[in-house]
Amino acid sequence: MYNPSIISRLVLDTSGQVKQLTWPENTGQWNLFWSQPREQCEVYAYCGTFATCNRVTNPFCKCLRGFEPNSVGDQNAGDMSGGCVRKAPLQCGNDSAVNGTKDQFLCISKVRLPANSLVLSQVKSVGDCKSACFSNCSCSANTYSVSGCSIWGNELLNVVQRMDADPEGKDFYLRLAASEFPSQGKGEWIIPALVVPMTLLATVSFFSCGRRRKSQNEGEDLVLFDLGTSIGAAGRKLNEVGKSHTAAIWHRNTPRTAWDLWKSGRGEGIKDPTLQDISSTNVLLRYVNIGLLCIQESAADRPTMSDVVSMLSNEPMLLASPKQPAFSTSRSVPDGNSSKQLETCSIHDVTVSILEAR
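Numbering of the sequence shown is given in UniProt numbering, commencing with residue 1 and proceeding in unit increments.
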């Protein structure tokens, strides 16, 4: 209802928002009554180029990885409209490389996609979409979805960070110079290494328990399975390698821990905290998924080594959801004439009809 005692005014301020302010007589100051857009991150190009806007952080704007503020002075003054610029220039055209390196893509997750994309309707796969971006000197990012391949030119605007639980959050791939991935060689082999020890652990457990059953039938005692002694010299060497890279993954409880984290939706918790940067949580979860598939109880559910190689190298390939791994144990009670202690052994039996590397 109109109230002649309240003074109001409309302003377009430096943030890009239109605001209606009121001056109630009893307060003696201007109060915000209405604004459009309602949030700063909804203002077009509020953070400039190659920056994300996050309404729950202070400041709202942050340069994407591989970029730095175009004007440090403006940023310190709270003005990010100048955006960000690349730290290292891109290589240009047809997967070209300098000194054996070439541009690479970094997955930016859970965001509102940048404005002003170009849709390539003739592109029909993720790999072709990335190749199309590589071959275009002005392409700075791409994404592929059910709607097809979308690429962005020399400027990325209006990238808004979404919350993890927001279903509207999307992923896109940002093109960066190879120099922005200095630790790639080390990180890439440590993360897929989850597949190797978990598979090794399951294999050693299976044969160890087989030996245990045999010795029980012969009236012999068998020391409880211990990963460090069962694997022998090779295992000790692997332990040393794991420790040198601070990847604490050589423990017999690894499958149970991995499954508990995966089951509770916290699969990324398997990552060693000393690993500084992993390009995408989705990549980490993919490797954990593959590792869990490798230690499935049923041989029919476990991938072959050729399948594992295909899973690791073929990013768009859909993965099956893992079931609970075969880490359950039961106690076997010896008869009254035996002096053996209670022993633990897997309760699962596996029959082998075809010898194939897994």
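Here a beta-carbon is modelled for each residue, glycine too, at the ideal position from N, C-alpha and C.
Please read these numbers as outputs of a predicted model, since none were measured by experiment.
Worksheet item: Residues in its own chain within less than 8 angstroms of Ser-109 by CB, not counting five upstream and five downstream?
Response: Gly-169, Asp-171, Ser-280, Thr-281 and Asn-282
Fill in: Completely contained beta strand (DSSP E) runs for the UniProt domain "Apple" (92-177), where each covers 3 or more residues
104-112, 118-120, 141-145, 148-152, 159-161 and 170-176
Item to complete: Take Gly-153 and list the residues in its own chain whose beta-carbon comes closer than 8 angstroms to its own, dropping the five residues that flank it on each side.
Response: Asn-116, Leu-118, Ser-138, Cys-139 and Ser-140
Worksheet entry | Where the beta strand (DSSP E) through Trp-259 begins and ends | Segment 254-263 is the alpha helix (DSSP H) holding Trp-259; no beta strand (DSSP E) there.
Worksheet item: Which term fits Lys-271, buried or exposed, when burial requires 16 or more other beta carbons within 10 angstroms of its beta carbon?
Response: buried
Worksheet item: In whole angstroms, what is the alpha-carbon distance linking Ser-16 and Ser-35?
Response: Residue 16 is actually Gly in this sequence, not Ser. Using only the alpha carbons, I get a separation of about 10 angstroms.
Discussion item. For Cys-129, which residues in the same chain have their Cβ closer than 6 angstroms to its Cβ, ignoring the five residues on either side in sequence?
Written reply: Val-123, Asn-142, Tyr-144 and Cys-149
Practice prompt. Give the single residue among Ser-321, Ser-125, Leu-292 and Val-111 whose Cα lies nearest to the Cα of Ala-165.
Written response: Val-111
Worksheet item: Taking the beta strand (DSSP E) that Leu-21 falls in, what are its first and last residues?
Response: 18-23
Practice prompt. Please report the residue range of the beta strand (DSSP E) in which Leu-318 lies.
Written response: Leu-318 -> no beta strand (DSSP E), and no H or E assigned at all.
Worksheet item: Using the beta-carbon count (16 or more within 10 Å), is Thr-14 buried or exposed?
Response: exposed
Worksheet item: So who's on the other strand from Ser-35, going by DSSP bridges?
Response: Lys-19
Fill in: Endpoints, the alpha helix (DSSP H) within which Arg-55 is located
Looking at the DSSP string, Arg-55 is not in any alpha helix (DSSP H), and its letter there is neither H nor E.
Practice prompt. Specify the secondary structure class of Arg-286 as computed by DSSP and reduced to three states.
Written response: helix
Discussion item. Using the three-state DSSP reduction, which class does Ser-8 fall into: helix, strand or coil?
Written reply: strand
Worksheet item: Does DSSP classify Val-85 as helix, strand or coil?
Response: strand
Discussion item. What does the alpha-carbon distance come out to for the pair Phe-33 and Glu-155?
Written reply: 34 angstroms
Worksheet entry | Whether Cys-84 touches Phe-50 by CB criterion (7 angstroms) | yes
Fill in: Which of helix, strand or coil DSSP assigns to Cys-63
strand
Discussion item. Give me, in chain order, the residues of the same chain whose beta-carbon lies closer than 6 angstroms to that of Val-18; leave out the 5 immediate sequence neighbours on both sides.
Written reply: Leu-12 and Gln-36
Fill in: Beta-carbon gap between Pro-325 and Trp-259 smaller than 7 angstroms
yes
Practice prompt. With DSSP as the reference, please indicate the residues paired to Glu-68 in a beta bridge.
Written response: Val-85
Practice prompt. Assign Met-163 to one of two classes, buried (16 or more other C-beta atoms within 10 Å of its C-beta) or exposed (fewer than that).
Written response: exposed
Worksheet entry | Sequence-distant residues of the same chain with beta carbon closer than 6 angstroms to Leu-293, five excluded per side | Pro-303 and Pro-322
Fill in: Through-space distance from Val-126 to Leu-284, alpha-carbon basis
19 angstroms
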